[in-house]
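K.L.:
Take this structure, written in structure tokens, and hold onto it; I'll ask about it next.
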Amino acid sequence: MGRKEIAGVRLKLASPERIRGLSSGEVKKPETINYRTLRPEKDGLFCERIFGPTKSYECACGKYKRSGPKFKGVVCDRCGVEIADSRVRRERMGHIELAAPVVHIWYLRGIPGRLSLLLGTSTKDLEKVVYFAPTRRREPVHKVVIEGRRTDLLKRGDLISASEERIHRHYDHKFKSEEAFRVIQADDVPVNEGDVISAEQVGLLKRNFGDSLFHVEPAFRVIEASGDGRLETGHILSRSELDSLRKEGPEPAVERAMAGNQEGFVVTAVSHLPFSKGDVISSSEYQLFYQKYPGRFAVQPETITIEDPCYIVIEEGDSPFETGSIILEREQRLCSAYDKEFEAGIGAEGVLSLLKKLDLEEISSSLREEIAETTGQKKRKLIKRLQVVEDFRKSESRPEWMVMEVLPVIPPELRPMVQLDGGRFATSDLNDLYRRVINRNNRLKKLQELRAPEIIIRNEKRMLQESVDALIDNGRMGKAVLGAGNRPLKSLTDLLRGKKGRFRQNLLGKRVDYSGRSVIVIGPNLKLHQCGLPKQMALELFKPFVIEKLVDRGLAPNVKSAKRVIERGREDVWGILEEVIQGHSVLLNRAPTLHRLGIQAFEPVLMEGKAIRLHPLVCAAFNADFDGDQMAVHVPLSIDARVEAQTIMLSAKNLLSPASGKPVVTPTQDIVLGIHFLTGMREGMEGEGKSFMNIDDVLCALDHGVVHVNSKILLKIKGEWVKTSPGRVLFNSVIPEELRFINKQIDKKALGLLIDAAYDRVGREKLVNTLDSIKSLGYHWATVSGLSLGLKYLTIPPEKNTIVENSLEQEKELTSQYEMGILTEDEYLRQKETLWSEASRRAADSIIANMDVTNPLRMMVESGARGSKGQIAQMAGIRGLMADPSGRIIDYPIVSNFREGLNMLEYFISTHGARKGLADTALRTAKSGYLTRRLVDVSQDLIVTEVDCGTDQGICIGPLKQDDKIVIHLSERIAGRTALKDVVHPESGEIIVEADNIITNDIASRIESAGLEEIWVKSPMTCALQNGICQKCYGTDLSSRQPIAIGETVGVVAAQSIGEPGTQLTMRTFHTGGVRLTGEDITQGLPRIEQLFEVRRPKKVALLAYADGVVTEIREMEGKRRVFITSTDENGNEQRTSYNVPVSQNLLVEEGQRVKKGEALTEGYPDPQQILEISGLEAVQHYLVDNIQAVYRSQGVSINNKHIEVILRKVAPVNRVRIAEEGDSSFVANELVWFRDFEKEVETIRSENERFLNEAVEKISGKVLKDV
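For the sequence shown, position 1263 (counting from the first letter as 1) is numbered 1262 according to numbering that gives the first Met the number 0, and the numbering increases by one without interruption.
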């Protein structure tokens, strides 16, 4: 299939017919290849008849051998193999006809479980049906009293479970049963009639049971047998028996027995219980016996443990169950016996039968009716079910396709089997998994043919289901199928998902030829557009081009000879290589490529050695340093690729950051230090006080050593004498004339501002040359300065002890106030943190102040080349407070520094932050990458498609303030935007910029100078286009400061701009060692960004005011506080609103304070949903943009608001509406719908209603005319 033939790719469920249609034949055997002939086995997993020939245009039997394409398409009449190219083995699929249906595990165990949602049951219960798993539960037992009509099913006195009783009662109204009780205690008299007991036993029985339950008489033994045989020797008789014998007539034997000794007592009568311990009686029997034998026995309700397989109801009939219910086997058996229409199934077959009978239209309408009548959790569940039903209806897929009757077999070349040295074979895990499926499938077919017992068939079906599960997603159902070395086998899902899956590893990222990789080192002598390439690497990369030149020039007769010439390293080769690389850019890439500046084009310069040389100014874009980083080199081959690399990707053309619009090639470290040293002025240096008429004279004097580079001199500039230094003159000589004369000591910030201004004023080409000149100048003077570091430069200030003592005193005072209850715990910790942060800052200031101007440490910090005051404070001042791994402050300030050394406790406390920093680096960098992927995923379809959408909507922008201080000026926030309305000067009335025009940097400065507080501009969030964004709403391209081009993928740029610094947020603790200076947990950056983009409700929610008003009362109550705010409406009526505040939250307002609508009354983060309800969509958009910016700004990261607005355009809760009531629409209640789709649906319904109305009017009018 050609590339241009593919119009699109659609993923959907495949029907069994579709799978058979895609298949080239059925795989019947588990064999792969014949180990003797090494040819595929017939009907096996590599069968040539099914998948095509292993050798191009050769059949399996040899009839067609080396036949070539002339017999293409012919099927061999002997072996059945079609003559074709062997590449068809990458395309042709097979199939396995399953002996029993199998549920697709993605739909059974996925989240959410589509199958269980559709059937309205739980995934756990459905799994029991599919896997023939028994359910174990305890149920009450019932005793049958009247068996009813079905005497074949049960008899009177039978014990049945509650579930069985319910079914019998449902079908048979004559049937009657009662709750059963088990006798757990039965106090019965432990003797029987005729028993002979002793006097002691009689006494014991009387004590335990009284006289009423038994009767005893004296017992006598017969000493001599009677003559008539009525009495035998040894017999024991009671007195009454002997008396009755005496009455019959005189008998000597009787007299002698009575004259003898009494042998104890004989039991003549006893009242026994009609049941014994362990018997089961019904509730009516229990009541009867309780009245007759009160207190003589105890019972408990009888229960039974049921362990039955689960069935799913397919056809409910007249049963008490609904279709789709999960029932036990005994329930299924009884319902089937009573009701011929009832049907229930087990396993995947049961689920398949049910799915085939589903009427989606009917389910949809019944669910909508049910949703309208229910509320709460049940309604939410029904809505989810309805959404699945609607999805199936829209996709025109059938639910029964989630149960597979036919299993597709992927082409053999995608699951290869290769022979290793020694005759062994290495095979894809899929072949093992397919083999398991085929073996079990064939065994099941054989058992079904043999009509094996149902229990064996069921077990085999379960094993088949498990083998297909393992093939599709091994390990999803618990223990994974293991291969050699106890390694889980890689299933189809494993081949697709994750970083190493087919999509991300092979489709989105491919291995390429003509690429190399090496360690990078600095290339201080390179131009900005150049990179140093090792000669051997360059030769290998450009080998085909060199070979071409060698052959063309006759230096080698053919390609093979040319390769030998290159291998021998003849001198001609290097000259040709130099020619080849002229004008042929290479791409340099450093992983991870978090934004587009991670790959840039350079013109290669051949270098000795094996390391790639990199220009120092491009390191920031690559986020590279020279501590062992590696970079990859790629050679663009096609003409289009080379042109794109040269015109778009060249490093000299990527000077501005797409994220902020600021220069990304700002000099750092050595260069900054050198320029700072060069532009400094010192007293008493050689040549001080000399006067010069022009710049050339100064440079000449400097070259001849007449003046020192830092000496104070006078120079005539534009007719005026200016006090300056030769170093500043030298610096000005390398910058464009349009930017001269800069007469101050240059630091990193000043260099950045200079480069920013130069881009606008002199253009990109001139700026590139200027940057290279500044680089060379900086390195030279950093070397000449001879700066070095030593402990002697790091002096501990004498004020340090005083600062520590004062701080400890203040801490004691704070502690006493806290213990007295004047301060809350939060206030105490906050004030303590502020105290030690201030102490650390004052110590750092005193260190810097005590240092000489020429102190290298001071020069590094003040110039911005390296380090900070905070790091100086740690080395020679006060370390201050530390944070533990959870972010809480450790209540022990470290008053020592690294110069003095830390004691054991201080050292231990310091390790907390350092360890956390290392853990964060390892664990949370992945989260940043995941955030970037999600951002790209959501915004990748946002492309500039039109010039103007014509919207009259926009946003109002003012300066960003924090604690009444301007953090970002208005001019910076509006530059590059399109004005929504005319911006008029408030005093002169002059139009500064007309509506729909771009606000350039100069115009932005004029607007701010005019004193305007805020202006209206267009925004990506308010763009009216349904798909993409227009030029006007986006404004300028930050990387070029030109209007954004049509077709620019602004969504991906925005995602990269936001995601790329995310890694820095996670790694920030690594560089600071967990020191608490700012008073906020430095590791909260990334989770907060995720929370804001996902518009989640924060854990600690701030209470917001619902209207403007005044806090009139704050009332303390038991366990809570109540804040009363009085507001006035438009008519002047006062309204008092009360707010309940938890005791755990601190109030931010006090009595008498005026509050605005939407203002926070307590500590915490506001809930965006609440802001939306109170202040509207625009307010929540501003809140999200400002808070996302605040997180990045706190880490020193600059991102333009535009990128955040682009992402927020696609954020669900901001640009979607939740359907409260669906009406006649195709939407589902509670569904989140894009606002544009909502408007489109409303328009469709409106037009349909108009059409129906018009048709109705026509019919009515037509009828009236007929009647008339």
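All C-beta atoms, glycine included, are put in the ideal place defined by N, C-alpha and C.
1. Who are Cys955's beta bridge partners in DSSP?
2. Within the continuous beta strand (DSSP E) that includes Leu677, where are the two ends?
3. Closest to Ile326 by C-alpha separation, out of Leu413, Ile409, Glu163, would be which residue?
4. Is it true that the region 582–600 meets the region 634–653, where meeting means three or more beta-carbon pairs spaced less than 8 angstroms apart?
5. Would you kindly report the start and end of the unbroken beta strand (DSSP E) that includes Pro319?
6. Taking the DSSP output, what are the residues bridged to Ile598?
7. Using a beta-carbon distance below 9 angstroms, is Val1122 in contact with chain B?
8. Assign Ser270 to one of two classes, buried (16 or more other C-beta atoms within 10 Å of its C-beta) or exposed (fewer than that).
9. Taking just the CA atoms, how far does Ile95 sit from Pro41?
10. The beta strand (DSSP E) that contains Cys530, what's its start and end?
11. Specify the secondary structure class of Asn693 as computed by DSSP and reduced to three states.
12. Contact defined as beta carbons within less than 8 angstroms: I believe Leu1183 pairs with Pro1167. What is the distance between those atoms, to the nearest angstrom?
13. Residues in its own chain within less than 7 angstroms of Arg394 by CB, not counting five upstream and five downstream?
14. With 16 other CB atoms within 10 Å as the buried threshold, where does Glu146 fall?
15. Could you name the residues of the same chain whose beta carbon sits closer than 8 angstroms to that of Val279, not counting the 5 residues immediately before and after it, in chain order?
16. State whether the region 27–34 contacts the region 430–440, with contact taken as three or more CB pairs (one from each stretch) at a distance under 8 angstroms.
17. Would you be able to state if there are at least three C-beta pairs under 8 angstroms between the region 806–824 and the region 694–704?
18. Restricting to Cα atoms, I'd like to know which of Val697, Glu812, Pro797, Gln668 is closest to Leu750.
19. Using CA atoms only, rank isn't needed, just tell me which of Pro615, Cys60, Ala555, Asn557 is closest to Tyr778.
20. Measure the alpha-carbon distance for Gly79 versus Lys69 and round it to whole angstroms.
21. Closer than 6 angstroms by C-beta to Ile611: which residues in its own chain qualify, once you throw out the five before and the five after it? Chain order, please.
22. Are Ile580 and Leu605 close, meaning C-beta to C-beta below 9 angstroms?
23. Taking the straight line between their C-alpha atoms, what separation do you get for Thr1071 and Trp780?
24. When we look at the beta-carbon of Asn1145 and count the other beta-carbons within 10 Å, is it buried (16 or more) or exposed?
25. Could you give the residue range of the beta strand (DSSP E) that holds Ala1003?
26. DSSP three-state call for Asn1139: helix, strand or coil?
27. For the region 609–662, list the beta strand (DSSP E) runs that are entirely contained and at least 3 residues long, ordered along the chain.
28. If you follow the beta strand (DSSP E) that Leu1146 is in, where does it begin and where does it stop?
29. Within the continuous alpha helix (DSSP H) that includes Phe424, where are the two ends?
30. Just verifying my parser: in three-state terms, what is the DSSP assignment at Pro487?
31. Tell me, please, which residues DSSP counts as bridged to Asp1036.
32. DSSP state of Ser270, grouped into three classes?
33. Nearest by alpha-carbon distance to Val1216: which of Phe1237, Ile1198, Tyr817 is it?
34. Which first and last residues belong to the beta strand (DSSP E) in which Val1109 is found?
35. Counting C-beta neighbours from all protein chains within 10 Å, is the total for Gly7 16 or more, i.e. buried, or is it exposed?
36. Keeping to the same chain, check which residues put their C-beta closer than 6 angstroms to that of Ile49; ignore five residues upstream and five downstream.
P.N.:
Inspection of the coordinates gives the following:
1. Trp1015
2. Leu677 -> not in any beta strand (DSSP E); alpha helix (DSSP H) instead, spanning 668–677.
3. Glu163
4. yes
5. Neither: Pro319 is in no beta strand (DSSP E) and is coded neither H nor E.
6. Asn588
7. Of the chains in the structure shown, none is chain B; there is only one protein chain.
8. exposed
9. Checking the sequence, you will find Lys at residue 41 rather than Pro. If you take the alpha carbons of Lys41 and Ile95, they lie about 14 angstroms apart.
10. 529–533
11. coil
12. 7 angstroms
13. One detail in the question is off: residue 394 reads as Ser in this sequence, not Arg. Cβ within range, chain order: Lys11.
14. buried
15. Val140, Lys142, Leu158, Ala179, Phe180, Arg181, Val182, Glu301
16. yes
17. no
18. Gln668
19. Pro615
20. 18 angstroms
21. Ser517, Ile519, Met630
22. yes
23. Caution applies to Thr1071, whose pLDDT of 41 falls short of 50 and renders its modelled position unreliable; the model cannot decide the point.
24. exposed
25. From DSSP, Ala1003 is part of no beta strand (DSSP E) but of the alpha helix (DSSP H) over 1000–1008.
26. strand
27. 611–613, 629–633
28. It is not in any beta strand (DSSP E) - Leu1146 carries neither H nor E in the DSSP assignment.
29. Counting along the chain, Phe424 falls outside any alpha helix (DSSP H), though it belongs to the beta strand (DSSP E) covering 424–426.
30. strand
31. Gln1041
32. coil
33. Phe1237
34. 1108–1116
35. exposed
36. Ser23, Gly24, Gly93
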